[in-house]
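S.K.: The number in the working numbering is simply the position in the sequence shown, starting from 1, with 9 added. Here a beta-carbon is modelled for each residue, glycine too, at the ideal position from N, C-alpha and C. Here it is: the structure, laid out below.
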Amino acid sequence: MNALIPKTIASLLLLAGAAGAVCAQAQGAAPAASSGGPVTTELPAPPLRLSEQPRIRSAVIAMVGYARGSYTEADTLIAQQVLEGMRSRHDITRTVWPDGRKVIASVNGGDHGEERAAMLLDAEGRLVALGLVNGHCNVPPTGDKPKVCKPAPQTVLSIFQPAGAKQADAEPLVVWGKTLPEFLAAMADSDDPAKAADAQKIASVEYIAGQPDVPGWRVEQLPPGFPASLRPLLVQTAEVNSTASAGKIVMPKGLAGKPMRTAYEQSQRNEPRLPDAEVTLRSYAELGTLVDAYRELAKGASVEEGGREIVFNGTDGAGRYSVRLRDAKETGVFITVSSWKRK
């Protein structure tokens, strides 16, 4: 799966109508690269962000799984934080090293590149590491208060590698991380000592082993009344996004106790009565892959397909159930498993 990333990047450039320019840049870069130094090229803006590409999302998940951590956000999927660090369509760069390794990078886009992410590919195009420049943000925003992170001079470069990988293999990401984007570099070079002192600096580099096999959810996150017989329909390659039981939201905590459906939502779903229990997961897998998985998991269920939404309706020993898959593109695929007990 990781080997598909270069093909994905190439297809983005072709769709952007920049194939000729990129070929010319690559040809021009080769002599400089062979002379001993990496060459960075700013790539034309593709029609879709890197974070929107299903194959890139799948490769990121293959590296870090559904583990959580506090990097650019507090206690959030690491994969989500990495993908948000490459959201900008206009700040994509490719750095080619003399040995054929490449760093494909972008930035969050909303903070002059203070938060940014990169993929390190080997000469064969396999993903070997991910880099994330971040502030170790460990307190989420609340009300009018922003999230709490380390100040800019204490910024951290977090590098995610497969277990057992050598730290030295990720050296191109260290070079990338310490090369500040234009606005931040100008601030660091300011003649004003106070302004320069406040500029972003990579104060430390940490190396983290990816956990691709970590389960995406735990049994204790399921709502009261959710049948054990339906747990196999909750794929582990996803995180719990929300839950509800007895007509009320259980998770997220900030919405707990509110009605699980508005009148409009209920009318749109054509539900005679509300589910007794419900779990919504979010997965970064491709929609087609998930649909294939649910054809096996929900054998015997009827299938309704409508654009970016597919619904499986079936019955089991507990009663009636539905599985609704909704492709939300950049933010992943939402999987809602609803249960109606027999009355």
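1) Closest to THR81 by CA distance: which of TYR75, MET72 and VAL91 is it?
2) Taking the alpha-carbon positions, what's the GLU287 to ALA253 distance?
3) In chain order, which alpha helix (DSSP H) runs of at least 4 residues are fully inside the stretch 178 to 236?
4) Report buried or exposed for THR151, applying the criterion of at least 16 other Cβ atoms within 10 angstroms of its Cβ.
5) Between the C-alpha atoms of VAL73 and SER167, what's the straight-line distance to the nearest angstrom?
6) What is the rounded straight-line gap between the Cα of PHE321 and the Cα of ALA310?
7) Can you have a look at ASP285 and say buried or exposed, based on whether 16 or more other CB atoms are within 10 angstroms of its CB?
8) What's the gap between the Cα of GLY234 and the Cα of GLU93?
9) Please say whether LEU182 and VAL112 have beta carbons closer to each other than 9 Å?
10) What are the partner residues of THR49, as DSSP defines its beta bridges?
11) Suppose the cutoff is 6 Å on Cβ atoms and the five residues either side in sequence are ignored; what does the same chain contact list for PRO162 look like?
12) Check each candidate in VAL312, THR289 and GLY225 and name the one with the smallest Cα separation from GLY78.
13) Among the residues of its own chain, which have a CB less than 6 Å from the CB of MET95, if the five just before and after it don't count?
14) Just the C-alpha distance for ALA307 and GLU314, rounded to the nearest angstrom, thanks.
15) Between ASN250, LYS267, GLU215 and PHE192, which lies nearest to LYS204 when the distance is taken from Cα to Cα?
16) Is TYR303 helix, strand or coil when you go by DSSP?
17) Specify the secondary structure class of ARG317 as computed by DSSP and reduced to three states.
18) Please work out which residues of its chain come closer than 7 Å, Cβ to Cβ, to ALA33, disregarding the five sequence neighbours upstream and downstream, and give them in chain order.
19) What's the gap between the Cα of ALA174 and the Cα of LEU129?
20) Using DSSP with H/G/I as helix, E/B as strand and the rest coil, what is THR298?
21) Which same chain residues end up closer than 7 Å to GLU6 when comparing Cβ atoms and leaving out the 5 residues on each side of it in sequence?
22) Hey, could you find the ends of the beta strand (DSSP E) ALA251 is sitting in?
23) With DSSP as the reference, label SER43 as helix, strand or coil.
24) Check whether the Cβ atoms of SER251 and THR298 sit closer than 9 Å, and answer yes or no.
25) Rounded to the nearest angstrom, what separates LYS154 and ASP120 at their Cα positions?
26) For ARG333, which of helix, strand or coil comes out of DSSP?
27) Using only alpha-carbon positions, find the residue among ASP108, VAL142, ALA83 and ASN279 that is nearest to ILE187.
28) Can the beta-carbon of ILE87 be found closer than 9 Å to that of ALA76?
M.R.: A quick look at the data gives this:
1) As a working mapping, residue 81 is identified with position 72 in the sequence shown. Taking only the C-alpha atoms, the option nearest THR81 is VAL91.
2) Locating residue 287 in the sequence shown gives position 278, where the first residue counts as 1. Locating residue 253 in the sequence shown gives position 244, where the first residue counts as 1. Roughly 5 Å separates the two Cα atoms.
3) 180 to 187, 191 to 197 and 202 to 206
4) Translated into positions along the sequence shown, residue 151 becomes position 142. Exposed, by the Cβ-count rule.
5) The residue you call residue 73 lines up with position 64 of the sequence shown. The residue you call residue 167 lines up with position 158 of the sequence shown. The straight-line gap from Cα to Cα measures roughly 12 Å.
6) Position 312 of the sequence shown, counted from the first residue, corresponds to residue 321. Position 301 of the sequence shown, counted from the first residue, corresponds to residue 310. Those two C-alpha atoms are separated by around 6 Å.
7) Residue 285 sits at position 276 when you count from the first residue of the sequence shown. Buried: at least 16 other Cβ atoms inside 10 Å.
8) By one-based count along the sequence shown, residue 234 stands at place 225. By one-based count along the sequence shown, residue 93 stands at place 84. The straight-line gap from Cα to Cα measures roughly 35 Å.
9) Here the question's residue 112 lines up with position 103 in the sequence shown. Here the question's residue 182 lines up with position 173 in the sequence shown. For VAL112 and LEU182, yes; Cβs fall inside 9 Å.
10) Translated into positions along the sequence shown, residue 49 becomes position 40. According to DSSP, which records beta bridges pairwise, THR49 is partnered with THR104.
11) Residue mapping note: residue 162 aligns to position 153 of the sequence shown, counting from 1. LYS210, listed in sequence order.
12) Taking the first residue of the sequence shown as 1, we reach residue 78 at position 69. That would be GLY225, whose Cα lies nearest to the Cα of GLY78.
13) For the purposes of this step, residue 95 is taken as residue 86 along the sequence shown, with counting starting at 1. Closer than 6 Å at the Cβ level, and outside the excluded window around MET95, lie LEU59, SER60, SER115 and ALA126.
14) The residue you call residue 307 lines up with position 298 of the sequence shown. The residue you call residue 314 lines up with position 305 of the sequence shown. Distance between the alpha carbons of ALA307 and GLU314: 15 Å.
15) Here residue 204 is taken as the residue at index 195 of the sequence shown, counted from 1. Looking at the Cα atoms, PHE192 is the closest of the given residues.
16) The residue you call residue 303 lines up with position 294 of the sequence shown. Here TYR303 sits in helix by DSSP.
17) The residue given as residue 317 occupies position 308 in the sequence shown. Coil.
18) As a working mapping, residue 33 is identified with position 24 in the sequence shown. Low local confidence applies: a pLDDT of 28 at ALA33 is under 50, so the model's placement there is unreliable, and no value is given.
19) For the purposes of this step, residue 174 is identified with residue 165 of the sequence shown, where counting begins at 1. For the purposes of this step, residue 129 is identified with residue 120 of the sequence shown, where counting begins at 1. The straight-line gap from Cα to Cα measures roughly 13 Å.
20) Stepping through the sequence shown from its first residue, residue 298 is reached at position 289. Three-state result, THR298: helix.
21) Shown here, the chain extends from 10 to 352; a query on residue 6 therefore has no answer.
22) On the sequence shown, position 242 is the one that residue 251 refers to. Reading off the sequence shown, one finds Ser at residue 251, where the question assumed Ala. Its beta strand (DSSP E) spans residues 248 to 254.
23) On the sequence shown, position 34 is the one that residue 43 refers to. Residue confidence for SER43 is low, a pLDDT of 45 falling below 50, so the modelled location carries little weight and cannot support an answer.
24) Counted from its first residue, the sequence shown places residue 251 at position 242. Counted from its first residue, the sequence shown places residue 298 at position 289. Cβ distance not < 9 Å, so SER251 and THR298 don't count as in contact.
25) Taking the sequence shown and counting its residues from 1, one reaches residue 154 at position 145. Taking the sequence shown and counting its residues from 1, one reaches residue 120 at position 111. The alpha-carbon atoms of LYS154 and ASP120 are separated by roughly 17 Å.
26) Taking the first residue of the sequence shown as 1, we reach residue 333 at position 324. Note: ARG333 maps to strand in three-state DSSP.
27) In the sequence shown, residue 187 corresponds to position 178, counting from 1. Looking at the sequence shown, residue 187 is not Ile but Lys. When each option's Cα is compared against that of LYS187, the closest is VAL142.
28) As a working mapping, residue 87 is identified with position 78 in the sequence shown. As a working mapping, residue 76 is identified with position 67 in the sequence shown. Yes. Within cutoff.
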